[in-house]
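In our numbering, the protein residues as written are 19 to 239. Glycine included, C-beta positions come from ideal geometry on N, C-alpha and C. What follows is a single structure, written as structure tokens, with notes after it.
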């Protein structure tokens with residue numbers, strides 16, 4: 019792979035160990051720690067795995083960041099399935115089926131809260147809202163896998179940006195997986211968006227300089 023592209027988008031696809039306390043770590047890995055010992059917030063760095071398909075554990079609500087969900091293909095290779103962003107609930111299938119359906123990995127720094135959080139009625143409403151959001155996002159993600167390459171990448175950036183236009187991008191390889199484009203194409207498009215002043219570098223403490231940006235107001239149109 020061209021070293022210039024690696025410099026723009028450092029690729030590190032190997033899941034890193036989640037730095038949690040023993041009880042939380044055991045729960046994420048499918049251990050038998052009682053739920054009362056694991057109901058603390060969870061912070062993940064980009065590249066850290068939250069849980070693996072087939073393991074057991076609890077559900078989580080994302081309060082910040084982006085989680086990538088993958089499933090194993092017929093050839094045994096992991097393939098992109100969906101994204102979950104702030105407000106979404108991930109892993110709730112384990113409450114019904116006893117294990118997780120997907121591998122869940124942080125694409126950006128993430129903070130998660132154990133779910134359910136309150137009374138049964140409130141939790142049910144929250145789950146329904148999360149499912150509705152996930153259904154709409156699935157349609158949006160499907161649209162990102164067809165059409166003009168630059169429109170796909172810009173569409174993903176819009177999806178991930180907050181209301182102020184601030185966005186922390188996944189790695190170039192993750193963007194390529196999500197949009198079904200080549201890694202080199204992603205690098206070229208990001209550079210073009212900066213030249214067109216649709217995307218401006220933004221300094222965020224603890225975030226790689228090539229990953230944090232501000233999206234121009236006109237780019238939301």
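Only counting the same chain, and skipping five residues up and downstream in sequence, which positions put a Cβ closer than 6 Å to that of residue i?
i, result
"residue 106", "80, 148"
"residue 162", "170, 173, 174, 197"
From the DSSP output, read off the bridge partner residues of residue i.
i, result
"residue 60", "130"
"residue 67", "123"
"residue 88", "98, 121"
"residue 218", "232"
Once DSSP output is grouped into helix, strand and coil, what is the label at residue i?
i, result
"residue 195", "helix"
"residue 188", "coil"
"residue 213", "helix"
"residue 153", "helix"
"residue 205", "helix"
"residue 145", "helix"
"residue 101", "strand"
"residue 175", "helix"
"residue 237", "helix"
"residue 79", "strand"
"residue 73", "coil"
"residue 230", "strand"
"residue 168", "helix"
Taking 8 Å as the threshold (C-beta atoms), are residue j and residue i in contact?
i, j, result
"residue 85", "residue 122", "yes"
"residue 203", "residue 167", "yes"
"residue 83", "residue 128", "yes"
"residue 237", "residue 172", "yes"
"residue 188", "residue 126", "yes"
"residue 230", "residue 186", "yes"
"residue 170", "residue 199", "yes"
"residue 92", "residue 120", "no"
Excluding the 5 residues preceding and the 5 following residue i in the sequence, name in chain order all residues of the same chain whose CB lies nearer than 8 Å to its CB.
i, result
"residue 152", "100, 102, 106"
"residue 78", "60, 68, 107, 108, 109, 130, 131, 132, 133"
If you drop the 5 nearest sequence neighbours on each side, which residues of the same chain put their C-beta closer than 7 Å to that of residue i?
i, result
"residue 57", "132"
"residue 124", "62, 63, 64, 65, 66, 68, 83, 85"
"residue 179", "185, 233"
Legend entry - Stretch pair the stretch 203-215 + the stretch 125-134: three plus CB contacts closer than 8 Å: no
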